[in-house]
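Residue numbers (full-length UniProt numbering): 1 to 249.
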């Protein structure tokens with residue numbers, strides 16, 4: 001049965017909260033929106049509503065987020081990917097999908113797509129967490145840093161080690177190819193990371209370099225900058241997010 005609205009589904013013995021709306025044209029992919037770390041699908045509701053006027057769109061809460069079950073222990077990209085596969089089986093069936101992820105959701109989507117090229121037909125990365133962010137932070141802000149910058153370093157490195165609602169251990173890794181699928185990488189244009197004392201400008205540079213590195217995921221990758229946006233591109237410039245998703249769908 002086709003899901004409309006928000007519903008709990010069983011995936012690998014866990015309860016996962018999903019939301020679906022709209023209808024796909026024949027052969028058109030199902031668009032799957034993936035929230036950032038510390039967020040839940042509710043935050044994507046306005047974007048989902050806009051897109052569902054012309055497309056089939058779903059979002060879901062990962063384990064540890066929103067209305068989904070807690071993870072049973074630490075998660076890695078393989079285990080969070082297994083849940084994503086189960087969600088796609090239920091909401092898309094045999095249909096292809098487009099994954100559109102923000103921040104950590106973008107990182108998870110980009111890690112997943114290369115191993116599921118039969119299913120993932122397009123990718124949108126909205127200010128996605130770079131593939132080497134843990135190392136970048138440790139490098140840019142030295143262990144000897146004092147004050148607020150030291151706090152930023154400690155907090156972020158703890159998050160990457162699994163101290164986050166999803167208990168997800170976020171390991172650095174190389175950007176792998178997902179073939180020639182259409183990929184839109186959207187970077188923030190308002191330098192919000194520059195606010196970190198002393199090390200902010202270098203953090204911005206590392207983040208920008210990380211966005212460029214995502215282009216290696218596909219021979220058909222495009223990078224754009226949402227000039228008026230901070231980290232939440234789909235809220236600051238919803239039009240940029242909508243158009244990018246429609247271009248790859």
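For every residue, glycine included, the Cβ atom is placed at its ideal position computed from N, Cα and C.
Because the structure is a prediction, the values reported are computed rather than measured.
Cβ distance (whole Å) where residue i is taken to contact residue j below 8 angstroms
| i | j | result |
| --- | --- | --- |
| residue 9 | residue 2 | Contact doesn't hold; Cβ gap of about 12 angstroms is too wide. |
| residue 120 | residue 181 | 7 angstroms |
| residue 65 | residue 40 | 5 angstroms |
| residue 131 | residue 174 | 7 angstroms |
| residue 152 | residue 162 | The Cβ separation is near 18 angstroms, so there is no contact. |
| residue 92 | residue 18 | 11 angstroms between Cβ atoms; not a contact. |
| residue 61 | residue 67 | 5 angstroms |
| residue 140 | residue 78 | No, residue 140 and residue 78 are not in contact; Cβ-Cβ is about 28 angstroms, not under 8 angstroms. |
Whether residue i touches residue j by CB criterion (8 angstroms)
| i | j | result |
| --- | --- | --- |
| residue 264 | residue 214 | Residue coverage of the chain in this structure runs from 1 to 249, which leaves residue 264 outside it and unanswerable. |
| residue 166 | residue 75 | yes |
| residue 138 | residue 199 | no |
| residue 122 | residue 98 | yes |
| residue 187 | residue 225 | yes |
| residue 242 | residue 104 | no |
| residue 191 | residue 147 | no |
| residue 201 | residue 46 | no |
| residue 113 | residue 178 | yes |
| residue 127 | residue 233 | yes |
Coil, strand or helix - residue i by DSSP
| i | result |
| --- | --- |
| residue 248 | helix |
| residue 221 | strand |
| residue 179 | coil |
| residue 172 | coil |
| residue 202 | helix |
| residue 2 | coil |
| residue 10 | strand |
| residue 240 | helix |
| residue 166 | coil |
| residue 227 | coil |
| residue 158 | helix |
| residue 187 | strand |
Candidates the options: closest to residue i by CA position
| i | options | result |
| --- | --- | --- |
| residue 253 | 90, 217, 69 and 102 | The structure shown does not extend to residue 253, since the chain is modelled only from 1 through 249, so no value can be given for it. |
| residue 125 | 100, 69 and 52 | 100 |
| residue 49 | 179, 61 and 22 | 22 |
| residue 33 | 208, 26 and 55 | 55 |
| residue 63 | 53, 57 and 86 | 86 |
| residue 25 | 69, 154, 95 and 210 | 95 |
| residue 209 | 247, 133 and 246 | 133 |
| residue 231 | 69, 248, 211 and 73 | 211 |
| residue 247 | 223, 227, 229 and 235 | 223 |
| residue 185 | 155, 171, 216 and 20 | 216 |
| residue 249 | 228, 183, 5 and 78 | 183 |
| residue 6 | 53, 79, 38 and 58 | 58 |
| residue 88 | 229, 20 and 142 | 20 |
| residue 115 | 14, 42, 70 and 84 | 84 |
| residue 235 | 42, 28 and 176 | 42 |
| residue 189 | 176, 71 and 228 | 228 |
Interface flag, residue i vs chain D, CB-CB below 8 angstroms
| i | result |
| --- | --- |
| residue 115 | In the displayed structure, chain D is absent; only one protein chain is listed. |
To test your reading of the DSSP string, which unbroken beta strand (DSSP E) runs of 3 or more residues are found completely within the UniProt domain "AB hydrolase-1" (29-155)?
DSSP runs (the beta strand (DSSP E)) wholly in the UniProt domain "AB hydrolase-1" (29-155): 30-34, 57-60, 97-102 and 120-126.
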